[in-house]
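Input: a single structure, listed below in structure tokens.
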DNA sequence: GATGAATGAGTTTTCATTCAT
DNA sequence: TATGAATGAAAACTCATTCAT
């Protein structure tokens with residue numbers, strides 16, 4: 015019905031010089047996206063802020079949307095990577111310690127990218143930036159689901175995917191939405207604690223201890 | 015930063031014909047917003063799809079944003095009204111019954127507005143439309159917070175607002191995101207049940223029974 | 015393989031005012047096309063020369079090509095109309111008189127549109143303007159073919175379409191190409207006469223007198 | 015009107031490798047010219063399709079026009095050479111045999127270059143490419159004109175150039191246009207025959223036998 | 001109230017061409 | 001000689017909004 019504009023980058027830079035160009039474009043775009051929002055963002059602004067000619071920008075990105083999409087992808091890939099690493103590193107610890115560690119990591123990642131998260135998250139819908147969010151969540155859900163499926167029968171819930179989804183989405187959104195509407199809470203231990211209570215209470219109901 | 019564009023409709027239609035015009039515009043806008051997203055939505059398209067001249071559209075709405083704002087407001091007022099009514103109606107019932115009833119209502123509301131919720135929700139961020147979303151959640155949070163603050167000292171959590179936020183946001187998002195990415199789950203009793211488990215587990219940790 | 019840009023006008027003007035706008039655009043385009051050629055023609059120039067805003071231009075034409083296409087269509091429709099009328103009006107006259115009259119009409123039409131023909135014909139290939147040329151020739155070929163098919167067996171050539179094509183294309187091109195490369199010949203009776211000789215000689219070979 | 019862009023190739027390639035590069039560029043250009051037309055042809059596309067860097071392309075051609083010009087020149091030089099050779103070789107034969115032989119050669123040349131002739135020909139007008147076309151026709155016209163002028167008074171027509179033009183242009187166009195719009199006719203002996211009839215009829219009117 | 005033609009500032013986008021490596 | 005990154009002037013094109021009818 016409505017033709018989708020391309021989201022993929024046009025060509026992959028080979029030389030170091032061009033990689034720097036792409037980097038500069040993405041950084042400038044991130045900055046401007048926070049400052050003005052997607053609607054007021056223009057490719058000319060981005061190019062200028064990146065210290066790059068408009069032509070160079072269009073060598074690598076077919077349009078405005080694709081720049082922002084690449085930005086979101088970059089951000090959420092980083093997010094996913096850090097989160098999955100943490101998941102790995104807490105293996106073997108007592109359940110409550112695991113939960114507390116992982117909630118902390120989630121808060122930290124968002125806090126580390128506060129500028130990005132706080133101002134960009136509400137813009138994600140405008141440029142297909144939700145795909146990367148979904149991809150990120152999906153990866154985490156898959157890993158959790160795998161872990162849940164490996165549990166002994168007596169501890170395995172009826173539908174492991176639902177359980178993985180519930181934990182991932184609720185924690186993710188509680189933190190993400192706080193970044194937007196309650197940024198102070200990201201530094202409030204009680205906020206972090208209550209998220210842990212939510213997860214731990216759920217685990218209790220599943221018989222996990 | 016720059017002057018705020020008007021968000022309020024220009025005039026409230028009195029005659030039936032006018033109300034029909036406004037209705038047609040809002041419906042067309044909802045449809046196009048789902049199909050193309052806010053950025054690709056144009057007032058000319060909306061007018062055409064509504065079978066109304068562009069001039070008439072501007073009789074009732076001062077700008078593009080206000081149309082979408084009205085749309086979001088309409089939707090979330092309905093949503094909030096239904097939810098708060100349900101909150102009222104379950105008062106006095108046992109805790110688990112309350113939780114199950116309210117989760118069910120949440121799922122039903124979203125299911126009833128599947129088209130809107132599923133595709134429109136992610137677009138809301140693009141035009142300050144989050145105000146109505148936030149307003150809706152905020153109202154519910156306030157009511158819950160009030161109820162929590164009325165509890166006896168022994169049952170009152172450290173920060174009633176955090177608790178209210180946690181319950182509202184996690185349930186809201188679990189259902190809202192399912193509407194987009196797992197629509198089938200909206201009819202799966204196990205999905206509903208697991209959300210209840212999440213909330214009930216949390217309440218248990220707070221010492222509520 | 016390569017997406018064809020739209021050639022059709024966007025919307026048909028309803029009011030007199032807009033019909034005048036479209037007319038002005040076409041006139042300005044014709045003028046500029048002669049003066050600068052298709053490659054150097056820009057929509058902004060056309061709009062300016064037409065005394066119309068660029069936005070108005072894009073209300074009626076989706077792109078540069080479609081303007082020129084409309085122009086060619088207009089021109090060749092006029093051409094075809096005049097030619098077919100003449101074909102009608104010579105019916106019943108002796109063969110040689112018919113040939114002489116029709117060649118004269120062909121020369122006259124081109125001469126009347128000398129500015130257009132001389133400068134525009136070479137540009138026709140650039141913007142799909144050949145479609146109208148072909149459509150025009152095809153219509154004339156069809157009419158001639160019909161007349162030939164109505165002849166008694168003894169006079170009917172093996173393939174009426176080939177015969178119609180040969181007469182139409184050779185005369186059309188002799189005149190059209192002269193307009194470009196030998197404009198003086200359009201006023202030289204001997205040129206006209208030799209074209210008649212070509213046709214009459216051909217008719218003789220077919221046994222027509 | 016404005017400064018003429020250079021049309022001559024920058025340097026004549028000496029080494030085999032260079033010649034291969036030039037060849038690849040011309041082939042790619044021919045292909046793209048057919049597929050997209052002159053207006054949509056870009057030097058970057060040509061270079062890419064030729065498997066050559068854009069820098070290399072500009073080593074051999076000063077601009078876009080020169081590529082197409084070289085292309086047209088190449089084609090029409092070959093065309094003219096073959097045709098003039100044939101003209102030579104039929105000298106002394108009876109008139110009808112000459113005509114039949116020459117028409118056949120014309121059809122064969124076009125058929126051998128069907129891809130080029132059929133799709134490229136109409137594009138030639140766009141970039142001054144008509145110069146080579148015209149040059150080719152002009153050369154043939156000159157040769158014919160010379161032969162006609164050598165005729166005894168009684169057989170010499172009023173204006174030898176008109177006669178040469180009439181024969182050359184009509185035959186050329188009948189075959190060229192068939193290549194585009196009626197390709198099947200290029201293999202139809204009746205089509206060839208009718209062209210011969212046209213020419214022979216004309217010759218008859220001139221008193222040639 | 002309704003209409004739809006007109007506007008034009010502002011954006012997006014292209015592509016021939018250069019030039020450092 | 002070859003490469004391909006970079007350039008930026010110059011187009012193309014959009015769309016919210018106004019206003020005469």
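Protein chains in written order, with my numbering: chain B, 15 to 223; chain G, 15 to 223; chain W, 15 to 223; chain R, 15 to 223.
Every residue gets a Cβ at the ideal spot worked out from N, C-alpha and C, and that includes glycine.
Beta-carbon proximity of residue i to residue j, cut-off 8 Å
i, j, result
"residue 183/G", "residue 113/G", "no"
"residue 157/W", "residue 90/W", "no"
"residue 169/G", "residue 48/G", "no"
"residue 204/W", "residue 202/R", "no"
"residue 30/B", "residue 66/B", "no"
"residue 117/G", "residue 206/G", "yes"
"residue 82/W", "residue 141/W", "yes"
"residue 88/G", "residue 24/G", "no"
"residue 235/R", "residue 71/R", "Because chain R is modelled from 15 through 223, residue 235/R falls outside the range shown and cannot be assessed."
"residue 277/B", "residue 218/G", "The shown model of chain B, from 15 to 223, leaves out residue 277/B, and the question about it has no answer."
"residue 123/R", "residue 151/R", "no"
"residue 79/R", "residue 139/W", "no"
"residue 100/G", "residue 111/G", "no"
"residue 63/B", "residue 34/B", "no"
"residue 162/R", "residue 177/R", "yes"
"residue 120/G", "residue 185/G", "yes"
"residue 179/G", "residue 155/G", "yes"
"residue 26/W", "residue 109/W", "no"
"residue 159/G", "residue 175/G", "yes"
"residue 11/R", "residue 220/R", "Residue numbering for chain R in the displayed model covers 15 to 223; residue 11/R lies beyond these limits and cannot be assessed."
"residue 198/G", "residue 52/B", "no"
"residue 46/B", "residue 36/B", "no"
"residue 187/B", "residue 187/G", "yes"
Interface residues of chain G facing residue i [CB-CB closer than 7 Å]
i, result
"residue 208/B", "176, 177 and 180"
"residue 188/B", "180, 183 and 184"
Under 7 Å from the C-beta of residue i: neighbouring residues of chain R
i, result
"residue 191/W", "183"
Per-residue contacts from residue i into chain R (C-beta, under 9 Å)
i, result
"residue 205/W", "173, 176, 179 and 180"
Chain-ordered neighbours of residue i on chain G, where CB pairs are closer than 9 Å
i, result
"residue 53/B", "52, 53, 140 and 141"
Contacts of residue i in chain B (Cβ-Cβ under 7 Å)
i, result
"residue 219/G", "211, 214 and 215"
"residue 195/G", "148"
Partner residues on chain B for residue i, Cβ-Cβ distance less than 9 Å
i, result
"residue 45/G", "Simply none; closest approach about 11 Å."
"residue 48/G", "What residue 48/G touches in chain B: nothing, since even the nearest Cβ is about 11 Å away."
"residue 112/G", "Going along chain B, no residue has its Cβ under 9 Å from residue 112/G, so there is no contact; the nearest lies around 16 Å."
"residue 109/G", "Result: empty, since nearest Cβ-Cβ is about 13 Å, beyond 9 Å."
Within 7 Å of chain R by C-beta, residues of the stretch 126 to 159 of chain W in sequence order: 136, 137, 138, 139, 140, 144 and 148
The stretch 58 to 69 of chain W: positions lying closer than 9 Å to chain R by Cβ: none
Can you give me, in chain order, the residues of the stretch 68 to 90 of chain W that have a beta carbon less than 7 Å from any beta carbon in chain R? none
Which residue spans inside the stretch 45 to 96 of chain R form an unbroken alpha helix (DSSP H) run of at least 4? 57 to 64 and 68 to 74
Which parts of the stretch 96 to 135 of chain R are runs of the alpha helix (DSSP H), unbroken and 4 residues or longer, counting only runs that do not cross its ends? 109 to 126 and 128 to 134
4 or more residues per run - each alpha helix (DSSP H) lying fully within the stretch 137 to 219 of chain R: 144 to 163, 174 to 195 and 203 to 219
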